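Trainee: Right, I'll just put the structure down here and ask away after.
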Amino acid sequence: MRFDTKLIHAAQPPDPLTGAVNVPVYLSSTFAQSAPNRHKGFVYGRSGNPTRAVLESALAAIEGGATGLAFSSGLGALATLLEHFPSGARIVAGEDLYGGTWRLFEHHRRQFGLTVDYVDARSTERIAAALDAGPAQMVYLESPTNPLLTLADIGAVARRAHRGDALVAVDNTFASPAFQRPLELGADVVLHSTTKYLGGHSDIIGGALIARTAPFGERLAWLQNAVGAVPSPFDCFLVLRGLHTLGVRMRAHAASALAVARALEGHRRVRRVYYPGLASHPQHALARRQMDGFGGMVSIELRDGGRGARRFLRGLSVFTLAESLGGVESLVDHPASMTHASVPRAEREAHGVTDGLVRLSCGIEDPADLVDDVLRAVRGI
Ligand SMILES: *Cc1c(COP(=O)(O)O)cnc(C)c1O
Numbered sequence: 032m033r034f035d036t037k038l039i040h041a042a043q044p045p046d047p048l049t050g051a052v053n054v055p056v057y058l059s060s061t062f063a064q065s066a067p068n069r070h071k072g073f074v075y076g077r078s079g080n081p082t083r084a085v086l087e088s089a090l091a092a093i094e095g096g097a098t099g100l101a102f103s104s105g106l107g108a109l110a111t112l113l114e115h116f117p118s119g120a121r122i123v124a125g126e127d128l129y130g131g132t133w134r135l136f137e138h139h140r141r142q143f144g145l146t147v148d149y150v151d152a153r154s155t156e157r158i159a160a161a162l163d164a165g166p167a168q169m170v171y172l173e174s175p176t177n178p179l180l181t182l183a184d185i186g187a188v189a190r191r192a193h194r195g196d197a198l199v200a201v202d203n204t205f206a207s208p209a210f211q212r213p214l215e216l217g218a219d220v221v222l223h224s225t226t227k228y229l230g231g232h233s234d235i236i237g238g239a240l241i242a243r244t245a246p247f248g249e250r251l252a253w254l255q256n257a258v259g260a261v262p263s264p265f266d267c268f269l270v271l272r273g274l275h276t277l278g279v280r281m282r283a284h285a286a287s288a289l290a291v292a293r294a295l296e297g298h299r300r301v302r303r304v305y306y307p308g309l310a311s312h313p314q315h316a317l318a319r320r321q322m323d324g325f326g327g328m329v330s331i332e333l334r335d336g337g338r339g340a341r342r343f344l345r346g347l348s349v350f351t352l353a354e355s356l357g358g359v360e361s362l363v364d365h366p367a368s369m370t371h372a373s374v375p376r377a378e379r380e381a382h383g384v385t386d387g388l389v390r391l392s393c394g395i396e397d398p399a400d401l402v403d404d405v406l407r408a409v410r411g412i
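Mapped onto this note's numbering, the consecutive letters of the sequence shown carry residue numbers 32 to 412.
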């Protein structure tokens, strides 16, 4: 099956009992047993649920992994992944990360003796140098990153990490499997905030881990049950419903994002436009090689700093000011004061998250309306 067909059919046969083309929402916390430990594969809702099982198999199929696991949030998935490592473990992580990911790493650093070395993941050499500096249990990447849309060369990093014992984890939330499949490039585990593109309609909070191999998948499944950050059956149903349209939505998101990025690039009030699909993006060639599309996220830096950003935000009417991304509706975020406020100013500014930075999640409205909206807003600064 090709990708768009998998989204609808992989692991999703009609319900054997009724023929329902969608998996029913099994709202049951427990399952009857005919004798102790004799059951139909489901025992207790934290350990497994039939609706969740379909979602998990579908996630594994579309990311090309052996095991898919669903969680109650992206950070729930990350917290569970971190439970895999012994205290005192060392992680080499990209330095441009989702703020909540950074916050959880820092918590583990203070609380449990985790060592996290943050490096500029645009450079495989810097990651290699960090791996040479001492044993590491994991390389943790976002690609493209939030909010600066920089890339890591996932295949090259995986080849280098696998010379030692380090696992390679990739947060694939921004690209979605429609545009990038890190496990096929050599990563060991993919993380998602299904809250974003996979759910796609801004109506649930959810997360996922997809493991390349079955043994690592079993270990993570054990941790999923032990930690218990599992999603409700209804939320699983909504993510499945979102998956069905992921391909068409991602193509629409990407077309809008490219139109918005092109309209703003070179505008006199805009210092920089960050979008991997622009030929001017410093890693455009890597994006073309590693991705099947460039995503729906565009960040811009306004010349007039925080003042320019505030005026730009006030001037928008189609884009809604809100945290989150990846839904059908266009959203705009001011990272410095919203999603990345937990990162100290010096740290975030060193990476380019300045007061003038604005992050656009381009939805699937008519692209011309999105372009009109951002152009009206920059003119009004
Ligand atoms: C939102 C997000 C997360 C966290 O996911 P939640 O579902 O909010 O817990 C992690 N990584 C990225 C890239 C995100 O955008």
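Heads up, the beta-carbon is just placed ideally off N, CA and C, and yes, glycines get one too. Fair warning: this is a prediction, and the values are worked out from it, not measured in the lab.
(1) Go through its chain and collect everything with a Cβ distance to residue 189's Cβ below 6 Å, but skip five positions before and after it.
(2) Please confirm if the region 218-234 is in contact with the region 340-360, defined as three or more CB-CB distances below 8 Å between the two stretches.
(3) First and last residue of the alpha helix (DSSP H) that includes residue 223?
(4) In terms of residue numbering, what span does the alpha helix (DSSP H) encompassing residue 114 cover?
(5) Touching or not, the region 156-163 and the region 232-250, by the rule of three or more beta carbon pairs under 8 Å?
(6) Could you check whether the Cβ of residue 177 sits closer than 6 Å to any heavy atom belonging to ligand 1?
(7) Excluding the 5 residues preceding and the 5 following residue 339 in the sequence, name in chain order all residues of the same chain whose CB lies nearer than 8 Å to its CB.
(8) In terms of residues, what are the limits of the alpha helix (DSSP H) holding residue 169?
(9) I'd like the span of the beta strand (DSSP E) that includes residue 415, first residue to last.
(10) Any idea what DSSP makes of residue 258, helix, strand or coil?
(11) What's the C-alpha gap between residue 254 and residue 114?
(12) Quick one: what does DSSP say residue 212 is sitting in, helix, strand or coil?
(13) Roughly how far, in whole angstroms, is the beta-carbon of residue 197 from the beta-carbon of residue 167, given that I think they are within contact range, below 8 Å?
(14) Between the beta-carbon of residue 362 and the beta-carbon of residue 392, is there less than 7 Å?
(15) So does the region 118-125 actually touch the region 142-150, counting three or more Cβ pairs closer than 8 Å?
(16) Mind checking residue 400: buried by the 16 CB within 10 Å criterion, or exposed?
(17) Are the beta-carbon atoms belonging to residue 35 and residue 278 less than 7 Å from one another?
(18) Count Cβ pairs between the region 136-143 and the region 179-189 that sit closer than 8 Å; are there 3 or more?
(19) Can you check DSSP and say which residues form a bridge with residue 124?
(20) Could you check where the alpha helix (DSSP H) with residue 235 kicks off and where it finishes?
(21) For ligand 1, I want to know if residue 181 counts as a neighbour, meaning its beta carbon is within less than 6 Å of at least one of the ligand's heavy atoms.
(22) Nearest by alpha-carbon distance to residue 63: which of 57, 75, 315 is it?
(23) What would DSSP say about residue 51, mapped onto helix, strand or coil?
Mentor: Straight from the coordinates:
(1) Within the same chain, residue 189 has close Cβ partners 199, 217, 218.
(2) Flag = yes, the region 218-234 and the region 340-360 touch.
(3) Per DSSP, residue 223 belongs to no alpha helix (DSSP H); it is in the beta strand (DSSP E), 220-224.
(4) Looking at the DSSP string, residue 114 is not in any alpha helix (DSSP H), and its letter there is neither H nor E.
(5) These segments do not touch.
(6) Yes, the Cβ of residue 177 comes within 6 Å of a heavy atom of ligand 1.
(7) The answer, listed in chain order, is 300, 333, 387, 412.
(8) No alpha helix (DSSP H) contains residue 169, which is instead part of the beta strand (DSSP E) from 169-173.
(9) The requested residue 415 is not part of the displayed model; the chain covers only 32 to 412.
(10) Helix at residue 258.
(11) So the two alpha carbons sit approximately 7 Å from each other.
(12) Under the three-state reduction of DSSP, residue 212 is assigned to coil, being neither helix nor strand.
(13) Correct: roughly 5 Å between the Cβ atoms.
(14) Yes. Within cutoff.
(15) Touching, yes, given that three or more Cβ pairs across the two stretches are closer than 8 Å.
(16) By the neighbour-count rule (16 or more Cβ atoms within 10 Å), residue 400 is not buried but exposed.
(17) Their beta carbons are under 7 Å apart, which means residue 35 touches residue 278 by this criterion.
(18) Because the criterion of three Cβ pairs below 8 Å is not met, the region 136-143 and the region 179-189 do not touch.
(19) According to DSSP, which records beta bridges pairwise, residue 124 is partnered with 149, 171.
(20) Where residue 235 is concerned, there is no enclosing alpha helix (DSSP H), because DSSP gives it neither an H nor an E.
(21) Residue 181 Cβ: outside cutoff for every heavy atom of ligand 1.
(22) The shortest C-alpha separation from residue 63 is found at 75.
(23) Note: residue 51 maps to coil in three-state DSSP.
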